[in-house]
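If you're matching them up, the sequences are chains A and B in order.
In terms of numbering that gives the first Met the number 0, the first sequence is residues 0 to 347.
In terms of numbering that gives the first Met the number 0, the second sequence is residues 0 to 347.
Idealized CB from N, CA, C, for every residue including glycine.
Protein chains: 2
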Amino acid sequence: MGRDRATLADVAKRAGLSKTAASMVLNGREGTRLSAEAHQRVFAAAEELGYRPNVAARSLRTRKTATIAFVSDIVATTRFAGGLIRGALDAARERDHVLLITETQGDAAFEQYAIEAILDRQVDGVIYAAMATRRLSVPPAILSGPVVLLNATSAEELPCVLPDDEGAGVTIAETLLGYGHRDRIALIGRNRQKERDPEISLAAEARLRGIRATLAAAGVKLLVENFCPEWLPEHGYTATRALLARPDRPTAIICMNDRLAFGAYQALGEAGLTIPDDLSVISFDDDPTASWLRPRLSTAALPHEQMGRRAVELLLDGNAPAQSLVPMPLRRRRSVAPPSGSPAAEHD
Amino acid sequence: MGRDRATLADVAKRAGLSKTAASMVLNGREGTRLSAEAHQRVFAAAEELGYRPNVAARSLRTRKTATIAFVSDIVATTRFAGGLIRGALDAARERDHVLLITETQGDAAFEQYAIEAILDRQVDGVIYAAMATRRLSVPPAILSGPVVLLNATSAEELPCVLPDDEGAGVTIAETLLGYGHRDRIALIGRNRQKERDPEISLAAEARLRGIRATLAAAGVKLLVENFCPEWLPEHGYTATRALLARPDRPTAIICMNDRLAFGAYQALGEAGLTIPDDLSVISFDDDPTASWLRPRLSTAALPHEQMGRRAVELLLDGNAPAQSLVPMPLRRRRSVAPPSGSPAAEHD
DNA sequence: TCACGTCGCTAAACTGATTTAGCAGAGCAT
DNA sequence: ATGCTCTGCTAAATCAGTTTAGCGACGTGA
């Protein structure tokens with residue numbers, strides 16, 4: 000892999016100058032007094048030899064590697080990770096950096112390995128990512144260099160990138176209000192054990208805050224808040240069936256994520272109800288399956304790609320604010336409509 | 000990031016020996032004649048100082064980096080990539096290596112960048128991965144070192160790792176035959192433009208080969224082979240509706256992937272048919288959504304994790320066979336049953 | 001004419017490891 | 001006493017860059 004490469008010494012010799020001169024020219028150093036002709040000769044020689052600097056040699060001296068570590072608990076290998084990594088990859092490339100990926104899987108030994116690998120390679124910075132938005136504690140060893148948290152917060156007040164879940168809550172609620180839904184809006188996905196599951200609760204709390212505030216401002220209260228042990232399709236299914244058994248059937252259901260909505264669709268389909276005519280469904284995340292559903296699901300998208308990109312920007316471009324909220328854009332599709340029977344009747 | 004680390008010189012000094020001695024001991028060199036006591040002193044010193052070798056310095060000299068490049072067209076950021084990366088990550092860690100991830104997005108300039116980044120960093124090997132099983136051509140520059148293709152083949156006869164699509168075809172067909180399905184098995188997902196879309200066709204051809212051979216051995220022929228422009232839910236939906244419009248309704252549908260099956264579920268649900276009582280559905284890939292469907296979908300799983308792992312093994316453990324087929328295990332769930340009316344009647 | 005500053009450039013040190021070549025001393029045979 | 005081998009270890013070169021310190025030539029002002 001990469002034998003026979005021209006070295007700086009080769010370039011210097013061909014340009015008839017010293018290694019020092021060649022190094023300075025190629026690094027575009029200011030304040031050096033090398034002549035215009037010397038510059039030209041060096042550039043020409045480098046070009047002709049196809050010279051590329053040896054990263055190992057350079058970083059041995061400079062302690063910079065043009066490498067960023069992307070450490071995650073488990074995110075790197077889930078469906079949600081793609082965008083995060085792609086955004087980071089793109090932003091890194093624009094800055095001539097490269098991504099070293101490791102995964103801790105929540106395992107202390109693996110984390111230890113990841114940290115050592117990172118330290119040994121003297122990466123220029125670390126992006127510490129979590130699968131689900133949550134609070135975590137960062138191993139002290141990596142705090143010696145720049146760190147940005149991605150999709151997570153920490154006690155250490157490190158700069159972090161988070162999706163704007165509260166803003167998404169506002170958007171969702173406004174959308175429903177805009178279609179004329181009022182007092183028959185149900186919500187699926189509250190979680191009783193928020194202490195035990197801070198991952199879910201961080202997003203859940205924020206989303207709910209946005210929803211409640213917006214509805215309250217319009218003088219509206221949620222009809223029901225349905226609790227779920229987890230945010231999986233089967234829980235959405237069960238919760239929706241419970242909802243349909245009520246005398247005051249909701250006109251719209253807000254699901255805390257698309258998997259719950261997936262289950263809701265199944266329950267509604269079984270009950271012979273059609274979305275959005277009989278009932279609107281709206282959700283959070285923009286899972287790929289959201290656009291597979293019939294009708295396609297309206298949902299506030301987790302801006303993974305933007306978030307990954309932002310993390311690299313914070314890490315490399317300095318002046319990192321304490322916290323960077325990335326907006327969650329609403330994907331307007333076909334699962335929301337005015338309440339059935341509107342504008343007149345409100346019963347079915 | 001990583002200042003103040005003890006160097007080999009520090010270890011040597013503390014052990015009262017030379018750098019040479021320390022280096023040899025720590026690298027476990029055979030044939031050196033250093034005393035047992037010298038060994039102990041070096042180990043102790045390294046331990047006490049928390050010594051970790053500087054990778055940049057080491058690779059400058061040895062041209063080894065304990066780093067593998069994972070180059071992909073687009074795979075790294077799709078839902079299918081997770082397992083591939085995780086498997087590779089695990090196998091790499093076991094061999095004390097680390098993964099450098101880049102993506103070409105099928106763009107020549109990005110590919111160029113990726114290659115240069117790799118060559119500059121002198122990675123020990125390259126895993127070249129494709130999103131969809133297909134034939135590709137590898138940029139010559141990286142052929143100077145070890146390369147393994149993941150989910151792809153090439154004209155250069157490089158070692159490659161592929162899912163055993165043909166074997167999966169056999170499994171699928173055997174399963175259906177085992178449940179008693181015979182002459183009313185339909186297939187969705189043939190593709191007309193296989194020349195223009197080698198990605199799909201490589202898997203499609205192999206799967207079909209396995210299915211046909213197995214059915215033929217039992218004296219059975221496919222009832223219909225339904226063509227689809229792509230393998231998306233909407234195409235599965237349309238194809239299934241077409242199937243249901245026939246007088247000889249199939250007793251089982253084989254979908255070439257889970258997204259098609261997803262669409263098939265939608266069409267069957269709309270038609271008021273229940274799976275698997277009225278009709279069995281079976282598929283390929285084991286997309287995460289397969290287990291969200293009701294009933295959960297039986298499908299031959301793409302062994303992504305195994306494949307990623309295997310790629311690293313081939314790359315690092317030497318003696319790479321030309322081609323490594325990884326079996327696709329069948330996830331037996333609830334979407335397959337005996338034909339409706341069996342064992343007696345065959346009409347509905 | 002000499003001191004001084006500027007210009008254009010280079011020698012050599014330095015980064016932290018591995019590796020080659022070889023040295024001092026002990027033991028043994030001649 | 002000499003030559004030989006073996007043992008246990010080390011000095012110095014090397015990898016490919018960056019950086020520090022400084023050198024010789026030239027112009028200028030006193």
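Query: B/F261 at chain A interface by Cβ criterion, 8 Å; Result: yes
Query: Closer than 8 Å to chain A by CB, B/I274; Result: no
Query: Where the alpha helix (DSSP H) through B/D89 begins and ends; Result: 80-93
Query: When A/E173, A/I141, A/L259, A/G177 are compared against A/G188, the one with the closest alpha-carbon; Result: A/L259
Query: Exposure label - A/R60; buried when at least 16 CB within 10 Å; Result: exposed
Query: Residues of the region 97-109 of chain B with Cβ closer than 9 Å to any Cβ of chain A, in chain order; Result: V97, L98, L99, I100, T101, E102, Q104, F109
Query: The region 268-282 of chain A in contact with the region 175-185 of chain A per 3-pair CB rule at 8 Å; Result: yes
Query: Rounded C-alpha distance that separates A/A266 from B/P338; Result: 26 Å
Query: Distance, B/T288 Cα to B/S297 Cα; Result: 11 Å
Query: Chain-ordered chain A contacts of B/L59 [CB-CB under 8 Å]; Result: N53, A55, A56, L59
Query: For B/G168 and B/R206, believed in contact at Cβ under 8 Å, the rounded distance; Result: 4 Å
Query: Whether A/F79 touches A/H303 by CB criterion (8 Å); Result: yes
Query: Validate contact between the region 34-48 of chain A and the region 5-21 of chain A using beta carbons, cut 8 Å, 3 pairs; Result: yes
Query: Whole-number beta carbon distance between A/R92 and B/Y112, since they are thought to touch under 8 Å; Result: 6 Å
Query: Given 8 Å, three or more beta-carbon pairs between the region 318-337 of chain A and the region 152-163 of chain A; Result: yes
Query: Which listed residue (A/N53, A/A90, A/I67) has its alpha carbon closest to that of A/E401; Result: The displayed coordinates of chain A run from 0 to 347. Any statement about residue 401 of chain A would go beyond what the structure contains.
Query: Exposure label - B/D316; buried when at least 16 CB within 10 Å; Result: exposed
Query: Same chain, Cβ closer than 8 Å to A/N53, neighbours up to 5 away in sequence not counted; Result: R4, T6
Query: 6 Å Cβ shell around A/F109 - same chain, five flanking residues per side excluded; Result: T103
Query: Chain-ordered neighbours of B/T357 on chain A, where CB pairs are closer than 8 Å; Result: With chain B running from 0 to 347 in the structure shown, residue 357 of chain B is simply not present.
Query: Burial state of B/N190, where buried means 16 or more other Cβ atoms lie within 10 Å; Result: buried
Query: 8 Å Cβ cutoff, B/D285 in contact with chain A; Result: no
Query: A/A202, buried or exposed, once every other Cβ within 10 Å from all chains shown has been counted against 16; Result: buried
Query: Runs of beta strand (DSSP E) lying entirely within the region 117-152 of chain A, each at least 3 residues, in chain order; Result: 124-135
Query: is_contact[A/W291, chain B] using C-beta, thresh 8 Å; Result: yes
Query: Interface partners of B/P228 on chain A, CB under 9 Å; Result: Ordered by position in chain A, no residue passes the 9 Å Cβ test against B/P228, which lies about 16 Å from the chain.
Query: Selection of the region 231-255 of chain A by Cβ proximity to chain B, strictly under 9 Å; Result: L231, P232, E233, Y236
Query: Contact set between B/T6 and chain A, taken where Cβ atoms lie within less than 7 Å; Result: The contacting residues do not exist; B/T6 stays about 12 Å from chain A at best.
Query: Whole runs of the beta strand (DSSP E) within the region 242-327 of chain B, excluding any shorter than 3 residues; Result: 251-254, 279-284, 297-300, 322-325
Query: Beta strand (DSSP E) segment containing A/L186, residue limits; Result: 184-189
Query: A/A270 at chain B interface by Cβ criterion, 8 Å; Result: no
Query: Other residues of its chain near A/R309: CB distance less than 7 Å, five sequence neighbours each side excluded; Result: V160, S323, V325
Query: Interface flag, B/L118 vs chain A, CB-CB below 8 Å; Result: yes
Query: Below-8 Å beta-carbon distance, B/E194 vs any chain A residue; Result: In this predicted model, B/E194 has a pLDDT of only 45, less than 50, meaning its place in the structure is not dependable; the value taken from the coordinates is given anyway. No, B/E194 does not count as interfacial toward chain A.
Query: Residue-level contact to chain B via CB, A/Q265, 8 Å cutoff; Result: yes
Query: B/Q121 classed as buried or exposed, judged by whether at least 16 other C-beta atoms fall within 10 angstroms; Result: buried
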